[in-house]
């Protein structure tokens, strides 16, 4: 008789703690994906992007406060273990890491499973991406947290940059040197580079024209970064991992 792993076992394998964990203690939670440790380090959690808290007179995004409270509940008075990423710090000097509780369960996955953020993949920190994608999908299927009203916008309604989930249809695929550009119907182009190609099972080509896609990531507004050249789309998204793309059914 063949024995197959249960869903719980499969989840545990996906979310197993990598080697190199070190005990840490939380001092203060900054928002739904960032906290300060008692040793002074600021930690940006790998694999999750929580809604932004309001700053400088701007209102908080939906579920931003809930995400902060959820992270606070997971770390308050709890022994924690930190595993730093292959890329250990970001441009702000924060430590990039995965956090685990005393049972060895991943905190990012727990937040994603509550619908308190979006699964994100930024190479080379990909150790738990399958775990995080599965946790997010569970929340999405159950319409928990921010998935109660899916925060997806149509490409032709884009008005700002920053992290977004976007839906649109591919209109063109072009290569320029080692860079591949995928244009959508609307003010958005996707940028793929040869350096990330090994991560993709399927690389975009002309067969993608007409496909409907859901995309995620940080959109660069060219109007705010050096100006928008005539004939170029206003927004650009660097696509570095397949988890940023979801193929949608044809209309």
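In full-length UniProt numbering, the protein residues as written are 1 to 251. Even glycine gets a Cβ: it sits at the ideal position worked out from N, Cα and C. Here the structure is a predicted model, which is why all the values come from computation and not from measurement.
8 Å contact criterion, which residue 63 and residue 83 should meet: CB distance rounded
The residue given as residue 63 occupies position 63 in the chain shown. The residue given as residue 83 occupies position 83 in the chain shown. Not a contact, Cβ separation roughly 26 Å.
What does the Cβ neighbour count give for residue 207, buried or exposed, with the cut at 16 atoms within 10 Å?
In the chain shown, the residue the question calls residue 207 occupies position 207. Under this definition residue 207 is an exposed residue.
Where residue 199 and residue 20 are concerned, what is the direct C-alpha to C-alpha distance, given to the nearest angstrom?
By 1-based counting over the chain shown, the position of residue 199 is 199. By 1-based counting over the chain shown, the position of residue 20 is 20. Distance from the CA of residue 199 to the CA of residue 20, rounded to the nearest whole angstrom, comes to 24 Å.
Whether residue 232 touches residue 49 by CB criterion (8 Å)
Along the chain shown, one-based indexing puts residue 232 at 232. Along the chain shown, one-based indexing puts residue 49 at 49. In this structure, residue 49 does not lie closer than 8 Å to residue 232 by Cβ.
Contact belief for residue 75 with residue 29 at Cβ below 8 Å, rounded distance in angstroms:
For the purposes of this step, residue 75 is taken as the residue at position 75 of the chain shown. For the purposes of this step, residue 29 is taken as the residue at position 29 of the chain shown. Indeed they touch by this definition, with Cβ atoms about 7 Å apart.
Using only alpha-carbon positions, find the residue among 171, 203, 109, 77 that is nearest to residue 27.
Numbered from its first residue, the chain shown carries residue 27 at position 27. Of the candidates 171, 203, 109, 77, the residue whose Cα lies closest to the Cα of residue 27 is 77.
What residues match up with residue 181 in a beta bridge as DSSP calls it?
Mapped onto the chain shown, residue 181 falls at position 181. Answer by DSSP bridge pairing, in chain order: 174, 191.
Could you tell me which residues DSSP pairs with residue 31 in its beta bridges?
One-based indexing of the chain shown puts residue 31 at position 31. BP columns for residue 31 point to 34.
In the structure shown, what three-state DSSP assignment does residue 130 receive?
Within the chain shown, numbered from 1, the residue matching residue 130 stands at position 130. Here residue 130 sits in helix by DSSP.
Where do the ends of the beta strand (DSSP E) carrying residue 22 lie?
The residue you call residue 22 lines up with position 22 of the chain shown. Membership of residue 22 in the beta strand (DSSP E) is indicated by the continuous run 22-24.
Drop a sphere of 10 angstroms on the beta-carbon of residue 182, count the other beta-carbons inside from all chains shown, and report buried for 16 or more, exposed for fewer.
Here residue 182 refers to the residue found at position 182 of the chain shown. Looking at its Cβ environment, which holds 16 or more other Cβ atoms inside 10 Å, residue 182 is buried.
Report all residues from its chain with a CB closer than 7 Å to the CB of residue 87; omit the five preceding and five following residues, and keep chain order.
Here residue 87 is taken as the residue at index 87 of the chain shown, counted from 1. 96, 124, 125, listed in sequence order.
Is it the case that the Cβ atoms of residue 158 and residue 51 are separated by a distance below 8 Å?
Walking along the chain shown from the start, residue 158 turns up at place 158. Walking along the chain shown from the start, residue 51 turns up at place 51. Not in contact: residue 158 and residue 51 (Cβ atoms no closer than 8 Å).
Looking at residue 117 and residue 67, is the spacing between their C-beta atoms short of 8 Å?
By 1-based counting over the chain shown, the position of residue 67 is 67. By 1-based counting over the chain shown, the position of residue 117 is 117. In this structure, residue 67 sits near residue 117, with a CB-CB distance shorter than 8 Å.
Could you check how far apart the C-beta atoms of residue 281 and residue 108 are, in whole angstroms? I think they sit under 8 Å.
Here the chain comprises residues numbered 1 to 251, so residue 281 is not present and cannot be evaluated.
Our contact map puts residue 155 next to residue 191 with C-beta atoms below 8 Å; I'd like the distance itself, whole angstroms only.
Within the chain shown, the letter at position 155 stands for residue 155. Within the chain shown, the letter at position 191 stands for residue 191. Their Cβ separation, rounded to whole angstroms, is 15 Å, which puts residue 155 and residue 191 out of contact at 8 Å.
By Cβ distance below 6 Å, which residues in the same chain neighbour residue 242 in space, the five residues on each side in sequence not counted?
By 1-based counting over the chain shown, the position of residue 242 is 242. Taken in chain order, the residues that qualify are 200.
Since residue 73 and residue 32 are thought to touch, with beta carbons under 8 Å apart, how far apart are those beta carbons, to the nearest angstrom?
The residue given as residue 73 occupies position 73 in the chain shown. The residue given as residue 32 occupies position 32 in the chain shown. The C-beta separation of residue 73 from residue 32 comes to about 11 Å, leaving the pair out of contact by the 8 Å criterion.
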